[in-house]
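Asks: So in our numbering, the last spot in the sequence shown is 315, and the numbers never skip.
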Amino acid sequence: MDLIRARIEATYPAMRTQLIIPTQHNELMEYGPYTGVEADCYSRGFNQKVQILLHFRTERLRDASVLKSMLAHTLNYRSTQLFDFLKAVTGADDAILSAAARETGSEEDLVGLARILCAKLSALVEKQRDSLPQDAFKNKLVRNFVDGFRLELGDRQVNRAQVFLKAVKQLVKAQFPLTYFYRTTEFIEEARGLGGGVVIPHPEQFWPILLAEYDVDGYEVWNPQSQRYTEFLINVLHEKNRRRAAGARRMLVFMGDDTHMGEKTLAPGNGNSSKLRREIGLQPAWDDLSIGKKLIVADMDRVRVIEEYTARLDG
């Protein structure tokens, strides 16, 4: 985090107004006076896994044993999924591999290569399992490991293997039971009890959440991978605010940078190039003329949202 702080200060030396809250998947992370997390949870009303962003004043989490226990349980899902992923590629059951091969047009030699690479990774993981932190066991470990063979195998072969393995990963994820997760309302209630804020990120990935009427502070209407419906989402929030009950707090427009700092530590040419280009605080949609008109109508701007949301978190 010290390196990230130095990077932010070097990028924005004249910064006057800020609200920076990191949101790692299911893991509380602190930056200055605030702590955040992106929690995986289950919306039973429309039977789908969703994510919510939870933000807190750091000192309010000293006695947050229930929230921390919920997040620890949820974090275990990601490491469990990695082992299921590796088992699907290296195990004796070919059902998932066959389905992924048909979907991607992968031939037997490519499937065999994927098996060999994942077997190598699986052996390394098992050997180092007791000495590595739990957050090291993520699906992206497979992608990063396979990328490490680009010099030996060539970009074309590695890219084909990555496409095939991504299809396997999606099939494995689809089999994971949704009932493993805590319900969205349970996370929201716990966050509110701690004086926290709640934001829905990239709602176009789970549209029914717009109808769920959850107790949230607003929606993320733009980030680098979710920018198709920005103006529509601003209009939705504006209409919700027009119809809100007397005395109710208005919903806020949020934008995110979706920066993955881990991508910046990979060797050149490896990783996800679109994620590599992202930077903390880089949210050009605030200055887009077309989007700006919608923001004016909705009575929103970047500084006002920062000030209003900060007041809520500090209140």
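Every residue gets a Cβ at the ideal spot worked out from N, C-alpha and C, and that includes glycine.
1) Kindly indicate which three-state DSSP category Y77 falls into: helix, strand or coil?
2) Decide if the region 168-179 is in contact with the region 85-93; the criterion is three or more beta carbon pairs, one per stretch, under 8 Å apart.
3) Kindly list the residues whose CB is nearer than 8 Å to the CB of L313, restricted to its own chain and excluding five residues on each side of it in sequence; keep chain order.
4) State the start and end residues of the unbroken alpha helix (DSSP H) segment that holds F164.
5) Any beta carbon from chain C within less than 7 Å of K138's own beta carbon?
6) Just to confirm the assignment: which complete alpha helix (DSSP H) runs, minimum length 4, are found wholly within the region 87-134?
7) Rounded to the nearest angstrom, what separates F149 and E204 at their Cα positions?
8) Considering only the beta carbon of each residue, do I291 and T230 sit closer than 7 Å?
9) Indicate the three-state DSSP secondary structure (helix, strand or coil) for F56 in the structure shown.
10) Which residue comes first and which comes last in the beta strand (DSSP E) that contains Y42?
11) Any idea what DSSP makes of G197, helix, strand or coil?
12) Apply the 10 Å Cβ neighbour rule to P201 and answer buried if 16 or more other Cβ atoms are within range, or exposed otherwise.
13) Enumerate in chain order the residues of its own chain whose CB-to-CB distance from E38 is below 6 Å, with the five nearest sequence positions on each side excluded.
14) Using beta-carbon positions only, say whether W207 and M255 come within less than 7 Å of one another.
15) What does DSSP give as the partner residues of Q227 in its beta bridges?
16) With a threshold of 8 Å, are at least 3 pairs of Cβ atoms found where one atom belongs to the region 302-312 and the other to the region 235-253?
17) Quick one: measure Cβ to Cβ for F164 and V111, integer angstroms, because I've assumed they're closer than 8 Å.
18) Does the separation of the CB atoms of Q283 and D257 fall below 7 Å?
19) According to DSSP, simplified to helix, strand and coil, what is E279?
20) May I have the straight-line CA-CA distance separating Q128 from L19, to the nearest angstrom?
21) So, does the region 113-130 touch the region 179-192, judging by three or more C-beta pairs under 8 Å?
22) Just to confirm my understanding: we take I188, look at its own chain, exclude 5 residues before and 5 after, and list those with CB closer than 8 Å. What are they?
23) Is any heavy atom in the ligand NAD found nearer than 6 Å to the beta carbon of I188?
24) How far does the beta strand (DSSP E) with G218 in it reach, from first residue to last?
25) So what's E213 in DSSP terms, helix, strand or just coil?
26) When the distance is taken between beta carbons, is R278 closer than 7 Å to T265?
27) Helix, strand or coil: which one does DSSP assign to K293?
28) Going straight from the alpha carbon of L289 to that of I234, what length do you get?
29) Going by the CB atoms, is the gap between F145 and S79 shorter than 7 Å?
30) Give the straight-line distance between the Cα atoms of R102 and R302, rounded to the nearest whole angstrom.
Replies: Reading from the atomic positions:
1) helix
2) yes
3) Y34, H55, F56, R57, G195, G196, G197
4) 155-174
5) This model lacks chain C altogether, as it is built from one protein chain only.
6) 95-104, 108-128
7) 35 Å
8) yes
9) strand
10) 34-43
11) strand
12) buried
13) T23, H25, Q51, L53
14) no
15) Paired residues: none, contrary to the question.
16) yes
17) 7 Å
18) yes
19) coil
20) 38 Å
21) no
22) I52, V198, Y214, D215, V216
23) No copy of the ligand NAD appears in this structure; indeed no ligand is present at all.
24) 218-222
25) coil
26) no
27) helix
28) 14 Å
29) no
30) 47 Å
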